Structures are given as C-alpha cells and as structure tokens.
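Report on the structure given below.
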Amino acid sequence: MSEHLETLAIHAGGGPDPATGAVIAPIHLATTFERSADGSYPHGYVYTRSGNPNREALERTLAAVEGGAAAVTFASGSAAASVALRALLKPGDRLLVPDDMYHGIRKLLLQHLSPWGIQPVQVDMTSLAAVEAALAEGAGAVWIETPSNPMLKITDVEAVSGLAHAAGAKVVCDSTWMPARSLRAFELGADLLLLATTKYIAGHSDVLGGALVLREPGEELDAIRSLQQSEGAVPSPFDCWLTLRGMKTLPYRLRGHEQNAGAVAAFLAEHERVTRVHYPGLPGHPGYETARRQMRGSGAMLSFQVEGGEEVAMAVAASVRLITRATSLGGVESLIEHRASVEGPESRTPRDLLRLSVGLEHPEDIVADLRAALAAA
Ligand code: PLP
C-alpha cells in the first residue's frame, strides 16, 4: 500500500465488507465462532478474547501507521503498559524510568509491580550521564516518555536507545502524546511503543484503549500476544471500531492540534502573568534542538506556570469558558487541568502549573478564552 500516513490511516484496516459490500466494516459482537465438522476454524477466528475482526483491523492499522511489525491492543493504555513491563522484565530486573512521567504508570510501577520484583529507578533522562550511570548498575529495560507529562522534558531517544542497547536493555517509548510517527521513535532505536489510544488516536474522548507496537517480530511479540490472550484485558469490538473510526482522521487532526498549540504557546509566552511555558516548540525550551531533530512538529500538549501560585492557577482554571476543566488529552475539545491536584499528595508537579491539551477549536477562540481567564484570575 501507500507510504503516506493519511492513506494508511484510512485503508490499512481493510476495504468494504466482503459479505455485504458495506463500505465501513460491521461491528462483530460475537464472542465465539463456528467450527467446521472437521474441527477446523475456516475463518480463522475461535473466540473473541483471542481474536476478533474489528480488533485485527485496528491492530493492522496501528502497525501500518506507526511503522512497526505488529500491534497488540488492550482495553486501556495502562493495561498495555502493565503487559509490556511483565513481558519484557523478570523479577529482580531494574527498569529505568524518567523522573517526570505520566503519574498513573509511575503508580502502577511503585504500587503494583515493585512487590513482584520489578525495580523502578527514576532518572533525569535529559542527562545522558545520569542514564549511563544508572545503566552501569544494570537494567532490563529503559522507559522513555518524551515530551514528558506534565513538564514537557525532552529525552534524546537516539542517544538513550544507543546507551540502553549497549547495556543489553530494551527500550520502550510511551508515544501517547506523539503518535503516527510524529516522534520518530522506531527510527531512533525504540524497540516497543506504548500508545494510550484513548488520546489522539481515538481522538474524541469517548473510548479507552491501549496498544503496544513492536518494531520487529520475535519473542517479545509472542509474550505480549500470549498475555493479551491469557489475561483478556482486550478492547471490546465496539471500542476497536470507534478507535479505528477516530484514527482515519488522525494525521489531519494532529496537524490542526499542533498549529493551534503553537499559537497558544506563543500567546502564553508573552503574557505578563505567566512565569513559564513548557512547550518544546518554543526556542527557549531546553529540549528545543533535540525536539526538532527527533519530532515532526512540537505536539499539542503544553503546560504553564502562573504568577501567584496555586490559588491563581486554580482561579485561571475556574475562569475558562470555552476550554473544559477535565483530565485527559488528545480529544477535539481543549482541556485544562491543575495537574498537581489530579496527581495526588505525592505529586512533584509545581502547584502553580496548569496543563493544556490544545484542541481543534479556532485558535483565536482558545487564546481569547485564556486571555480572559488570566485577566479574571
Ligand atoms: N501514557 C500517557 C502519557 C498518558 O497520558 C496516559 C493517560 O493519561 C496513559 C499512558 C494511560 O492511558 P489510559 O488512561 O488509557 O490507561
């Protein structure tokens, strides 16, 4: 098929339904599939936990759009992360993780996987010396998240992957914020991508999902497939259908999100009540050069800090009219959140910080809403 992401996103899942000619595939709700008199399964499906036409179409499309050998999907990004870690690591293994990362996966590691012997080691991955020092003590895998959540720190994927591979560690990259090769993670050395398809991939804030995309087939893929089928944290056929529906416009949506984010970041960077804007598309960002090398564009997530601390940050969030106060990201509507209070008492996120998922409304309207909220707070 084509090399173009726009075409792959629409066609890689398959064409019209052969049974009816329906242009869009039907949702196959059956949990089980008929076996022939000779005991075979003529259509290749046995039971929906182990395989379903809607899930296969989604997995084919994800693998094509991300440029991987295969994709394996789950009921959420968190379920996918849990499977990835258990497929790649064994009890006693150290796992290097960024010191700034999605708090849900940090919690999964600290509360639920540590007791089973996986040892998370938090590292400032913007420092290659820190990564090298941590690898010298051994690691089964390195977990990259770039830009990181919520401080938008940039990890040099190529350099960290090189160090990790030299130390015999696998590299997993959480590309939830940068899907469809907007971070060139496979080209730069990542072995495995985690995607919370809940976010940009499905894109409409109406379906949870997760995927693991592997650069190459092999024993990791077999282990991940086996866990998918044995544990059964699979997406429903309707979830897969909705996610694939959203995915068809992904390349276009990403461009719109990013264009809007650039306008919002430029506005915030000039605002007198904003003390810092964390967005890798701004030339003053410490990861600007690395981001330009390894990303197509700068993404559409940003965070900013305001003069006056938590009280003012909460007042800004309370004053928006168009932007919605809610957690999550990657939907068509802009969302704002006070990240520290969402993350809970152990959060290290600055209390004066707000995170924005820039949506697809007209950028002038998003900027006008923020201007008014900053004036009112
Ligand atoms: N990774 C990142 C970067 C996220 O932001 C999230 C959710 O916010 C996840 C993973 C987990 O995805 P899910 O909520 O689908 O479990």
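Residue numbers (the working numbering): 1082 to 1458.
All C-beta atoms in this analysis are idealised placements derived from N, C-alpha and C, irrespective of residue type, glycine included.
Given the structure is predicted, the values throughout are model-derived calculations rather than measurements.
For Ala1381, which of Val1413, Val1439 and Pro1107 has the nearest alpha-carbon? To locate residue 1381, count along the sequence shown from 1; it is residue 300. Checking every option, the nearest Cα to that of Ala1381 belongs to Val1439.
Expressed to the nearest angstrom, what Euclidean distance is found between the alpha-carbon atoms of Ala1342 and Leu1244? Translated into the one-based positions of the sequence shown, residue 1342 becomes position 261. Translated into the one-based positions of the sequence shown, residue 1244 becomes position 163. Taking the straight line joining both Cα atoms gives about 32 Å.
DSSP three-state call for Gly1389: helix, strand or coil? Looking up residue 1389 in the sequence shown gives position 308. Looking at Gly1389 - three-state DSSP - the assignment turns out to be coil, as it is neither helix nor strand.
Whose C-beta lies closer than 7 Å to the C-beta of Gly1411 among residues of the same chain, with five residues either side of it excluded? Position 330 of the sequence shown holds residue 1411. Within the same chain, Gly1411 has close Cβ partners Lys1280, Tyr1281, Gly1284 and Ser1438.
I'd like the list of long-range same chain contacts for Thr1461, defined as Cβ closer than 8 Å, with 5 residues on each side in sequence excluded. Any answer about residue 1461 is impossible in this case: the structure gives the chain only from 1082 up to 1458.
Using 8 Å as the cut-off, classify the Cβ of Ile1417 as near or not near the heavy atoms of the ligand PLP, replying yes or no. Here the question's residue 1417 lines up with position 336 in the sequence shown. No, the beta carbon of Ile1417 sits no closer than 8 Å to any heavy atom of the ligand PLP.
Residue ranges of each alpha helix (DSSP H) run of no fewer than 4 residues wholly in the segment 1244–1298, ordered along the chain? 1266–1269
Touching or not, the segment 1260–1278 and the segment 1368–1381, by the rule of three or more beta carbon pairs under 8 Å? yes
Grab the span of the beta strand (DSSP E) containing His1359 for me, first residue to last. Start at 1 with the first residue of the sequence shown, and residue 1359 comes out as number 278. Per DSSP, His1359 belongs to the beta strand (DSSP E) from Val1355 to His1359.
Would you kindly check if the distance between the Cβ of Ala1304 and the Cβ of Leu1189 is under 9 Å? Within the sequence shown, residue 1189 is the residue found at index 108, counting from 1. Within the sequence shown, residue 1304 is the residue found at index 223, counting from 1. Result no, Cβ atoms of Leu1189 and Ala1304 do not sit closer than 9 Å.
Given 8 Å as the limit, tell me if Trp1258 has its C-beta closer than that to any heavy atom belonging to the ligand PLP. Position 177 of the sequence shown, counting from 1, holds the residue named residue 1258. Yes, the Cβ of Trp1258 comes within 8 Å of a heavy atom of the ligand PLP.
If we count Cβ pairs, one from each stretch, closer than 8 Å, do we get three or more for the segment 1315–1323 versus the segment 1176–1191? no
Where does Ala1145 land, buried or exposed, given buried means 16+ other C-beta within 10 angstroms? Start at 1 with the first residue of the sequence shown, and residue 1145 comes out as number 64. Counting Cβ neighbours within 10 Å, Ala1145 comes out buried, since at least 16 surround it.
With 16 other Cβ atoms within 10 Å as the buried cut-off, status of Gly1149: Taking the first residue of the sequence shown as 1, we reach residue 1149 at position 68. Buried, since its Cβ has 16 or more Cβ neighbours within 10 Å.
Exposed unless 16 or more other CB atoms sit within 10 angstroms - verdict on Asp1255: Position 174 of the sequence shown, counted from the first residue, corresponds to residue 1255. The residue is buried, with at least 16 neighbouring Cβ atoms inside 10 Å.
Straight-line gap, Val1448 to Arg1326 (C-alpha atoms, nearest Å): Position 367 of the sequence shown, counted from the first residue, corresponds to residue 1448. Position 245 of the sequence shown, counted from the first residue, corresponds to residue 1326. Rounded to the nearest angstrom, the two C-alpha atoms are 29 Å apart.
Leaving out five residues on either side along the sequence, give the residues of the same chain with a beta carbon under 8 Å from the beta carbon of Ser1159. As a first step, residue 1159 is located in the sequence shown; it is residue number 78 there, counting from the start. Excluding positions up to five away in sequence, the list reads Gly1185, Ile1186, Leu1189, Ala1277 and Gly1291.
Please go through the segment 1425–1449 and give each complete beta strand (DSSP E) segment of 3 or more residues, from N-terminal end onward. 1434–1438
Got a sec: does the ligand PLP put a non-hydrogen atom nearer than 8 Å to the Cβ of Asn1133? Numbered from its first residue, the sequence shown carries residue 1133 at position 52. Every heavy atom of the ligand PLP is 8 Å or more from the Cβ of Asn1133, so no.
May I ask you to list the residues that DSSP assigns as paired with Leu1177? Within the sequence shown, numbered from 1, the residue matching residue 1177 stands at position 96. For Leu1177, which the question treats as bridged, DSSP gives the partners Val1202 and Val1223.
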